[in-house]
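> When you line the sequence shown up against numbering that gives the first Met the number 0, it's residues 0 to 114, in that order. We treat Cβ as the ideally placed atom computed from N, Cα and C, and that holds for glycine.
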Amino acid sequence: MVNHEYVKMEFFYKKDLHYLEKITKPTTSYNKRKDFLLTINTFYAEWCPNCHYDVKTLKEVFNLFSEDLVDFNLNMMLSSDEDSINFIKSNNLQIPFKMSNFKDERRRIIFKNNI
0 MVNHEYVKME
10 FFYKKDLHYL
20 EKITKPTTSY
30 NKRKDFLLTI
40 NTFYAEWCPN
50 CHYDVKTLKE
60 VFNLFSEDLV
70 DFNLNMMLSS
80 DEDSINFIKS
90 NNLQIPFKMS
100 NFKDERRRII
110 FKNNI
């Protein structure tokens, strides 16, 4: 990917997150899979140059922390479902995702979980 005017996603290493051990664990999470110390919500769109640029870092962060008590949510924004799914597949993203697009005449955002 070519350089662009956007700021690169900041990457934190596990050693930088030692304070997470001191946070009290929540008792539940939305998906009941396990308890999480931290939830990371990311917002991407298939047409966004910065999203294409940062997807490699996002995958590294997910691979580094997904087995820990960190919950990831990839929110695909304002693209067709087909384009969003193609973006996810072409980048081999294994992150739980939601679709959010303008779907009605009042341009309200409609959310859908992993379709």
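Cβ of N62 within 9 Å of Cβ of N40?
Cβ atoms of N62 and N40: not closer than 9 Å.
> For D70, list the residues DSSP reports as bridge partners.
D70 is bridged to T38.
> What's the C-alpha gap between S89 and D53?
Rounded to the nearest angstrom, the two C-alpha atoms are 14 Å apart.
> Classify D70: buried if its beta carbon has 16 or more other beta carbons within 10 angstroms, exposed otherwise.
D70 comes out buried.
> Out of T56, S78 and L68, which one is the CA nearest neighbour of W46?
The shortest Cα separation from W46 among T56, S78 and L68 belongs to S78.
> Which residue comes first and which comes last in the alpha helix (DSSP H) that contains I85?
For clarity, residue 85 is Asn in the given sequence; the question names Ile instead. Unbroken alpha helix (DSSP H) run through N85: D80 to S89.
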